[in-house]
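To start, the structure itself, in structure tokens.
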Amino acid sequence: MAAQEPATKRKRISKKNKAAWRKIDIQDVEQFLEDQRQEERIGTFTDKQDEDLFVVDASPLKTAPSQLTIKQKRKLNALKPMRSHQALENTSKVQDPIVKRNHVRQKKSGRNIEMEVCNPTKPRHRQANTDRGLYYEKLDKELAMRESGKKLPKIDKDIWQEEDFRDKIPGLKDEKGWISRDLALHVAGNIGRKVVKTHASLHHKTTKAKKFEAPHPGMSYNPSLKAHQELLAEVVEREQSIIKKEQHLKRVTTTMFSKVTPEERDKRRLDEMSEGIKEDGEPESEDEVDPKSADNSYSTVNAPVENKKKSKAARNKELKQKKLQRQHEAKKALKKQTADLIRIKSIRAEVQEEAEELKDLKKRRKAAAERKKYETKRLGRHKFEEPDLDVNMPEDLAGNLRNVKTESNLLTDRFKLLQKRNMLPTTVAVKRKRAKVKRFPRSSHKEPGVSFQELRDRRKAAAAAAKANSDTIKI
1 MAAQEPATKR KRISKKNKAA WRKIDIQDVE QFLEDQRQEE RIGTFTDKQD
51 EDLFVVDASP LKTAPSQLTI KQKRKLNALK PMRSHQALEN TSKVQDPIVK
101 RNHVRQKKSG RNIEMEVCNP TKPRHRQANT DRGLYYEKLD KELAMRESGK
151 KLPKIDKDIW QEEDFRDKIP GLKDEKGWIS RDLALHVAGN IGRKVVKTHA
201 SLHHKTTKAK KFEAPHPGMS YNPSLKAHQE LLAEVVEREQ SIIKKEQHLK
251 RVTTTMFSKV TPEERDKRRL DEMSEGIKED GEPESEDEVD PKSADNSYST
301 VNAPVENKKK SKAARNKELK QKKLQRQHEA KKALKKQTAD LIRIKSIRAE
351 VQEEAEELKD LKKRRKAAAE RKKYETKRLG RHKFEEPDLD VNMPEDLAGN
401 LRNVKTESNL LTDRFKLLQK RNMLPTTVAV KRKRAKVKRF PRSSHKEPGV
451 SFQELRDRRK AAAAAAKANS DTIKI
């Protein structure tokens, strides 16, 4: 047998000094420790299952390197975790050397929803968990029905109907009205069923217009004779009222003034504008003659006032007349009181009649204010006007949907209804004037002695001739 090869001899180095210890090769020890740490992090082969170490490739062999499209590759890459987040993943399997640690937990402010769900201590927490379980159970049933292809059950509940929260909580609503709404809100908030208070404007109705108003039966594509005649009568009545208003405006504006010729109109205007202007040679009126030119005597603007004092007899007579007047008025008032006492029944009837009239006036004003509150408001510059009724004349009725003549637009109808319900301001279509473009020939296209109008006429004639030639070729 061949002699066994001797192992590599280690160099015997002097280790007398401290510096000599640095020359020792400890790489095998470091490699062993590194392997041990690696096994602690990712585990050993004995700890892992065969499914983790081996993969059974059951897919058929592919001739092409990749049969996936770019779109499919992008979807697969989207399912993978992002590379930028790989550094945050914990891949170590090293156990914590300090098993018992003093973790400092900060006190959370507010409710601890996780604790309420996992460890309910109060009745409202248990009720919330029950309601949540019922909700998820119902949701799972709906999803299962959708996946199986079955129809979902019909919901008869109107989601827009206003509900009172006191109906759902027993004991908060009584017929005698001892529990007020504010007290019910307070109790509902304390038992875990807090009601969110909405603004009062959300519940205030500004119009009584229906959300959807059914059209007149006469607007059908195949209406009955009676319904169509009623619709025509309604349209005629509306048109007559419009014509009547137009005639009234014409009567109080245009026909109120007499018709004159243009010459007569100009003459009247000249006379009106020249009123008070003196013509040459016209004599001045006597009222405008200066008094200084007629008489050179001195005179003031205000006439002199003479201080005439009443005599004592005149003053006594005036006092007696005033006294007699006062006595006469007192007798007259006493006589009127006596007459009123006699006709006290008729006075009561008059007072009662006036009170009834005042009461009726208040009722009418209140009804008018209530009616005005639900009318269509003027939200913008323009006032809302009811759109015209869509009607087909008897000769346009087809009797089927294929040949029906459309007279309306569903989008316009819904838009007008939103305006009527005070949800949109009334608007009108704006017609913008097209800017006038000034056209002129280029300097390179100008011909001496030919105007721009002639050039344009030639161009039009050439275009018409080209069109006629193309039509001839097509034929």
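Each residue of the sequence shown is one higher than the one before, counting from 1 in UniProt numbering.
Cβ atoms here follow ideal geometry from the backbone N, Cα and C, with glycine treated the same way.
The C-alpha of R41 is placed about 39 Å away from the C-alpha of N17. DSSP places A200 in the helix class (H, G or I) of the three-state scheme.
Contact check between the segment 417-432 and the segment 377-390: three or more CB pairs, one atom from each, fall below 8 Å, which counts as touching.
The C-alpha of K138 lies about 10 Å from the C-alpha of A144. Contact annotation, K420 with A209: C-beta distance approximately 5 Å; criterion of less than 8 Å satisfied. For K194 against A200, the beta-carbon gap comes to about 19 Å, at or over 8 Å, which does not count as contact. Under a 10 Å Cβ-count criterion, G218 is classified as buried, with 16 or more other Cβ atoms of the shown protein chains found around its own Cβ. With a contact defined as Cβ atoms closer than 8 Å, N422 and T206 qualify at about 5 Å.
Taking the CA atoms as reference points, L225 sits about 48 Å from R434. Here DSSP, grouped into helix, strand and coil, assigns L410 to helix. In the DSSP annotation of this structure, the continuous segment of the alpha helix (DSSP H) that includes H125 starts and ends at P123 to S148.
A direct Cα-Cα distance of roughly 10 Å separates A462 from R456. DSSP places N190 in the uninterrupted alpha helix (DSSP H) bounded by R181 to N190.
With at least 16 other beta carbons inside 10 angstroms of its own, L172 counts as buried.
If you check the CB distance, V404 and Y221 come in under 7 Å. The beta carbon of L401 lies closer than 7 Å to those of Y221 in the same chain, with the five residues before and after it left out. By a beta-carbon distance limit of 8 Å, F45 contacts L53. Their separation comes to about 7 Å. For E162, the closest of S148, H203, G192 and K267 by C-alpha to C-alpha distance is H203. Secondary structure at F32: helix, using DSSP grouped into helix, strand and coil.
For R166, the closest of V437, N119 and I179 by C-alpha to C-alpha distance is I179.
Inclusion of R124 and G192 in the CB contact set at 7 Å is warranted, their separation being smaller than that value.
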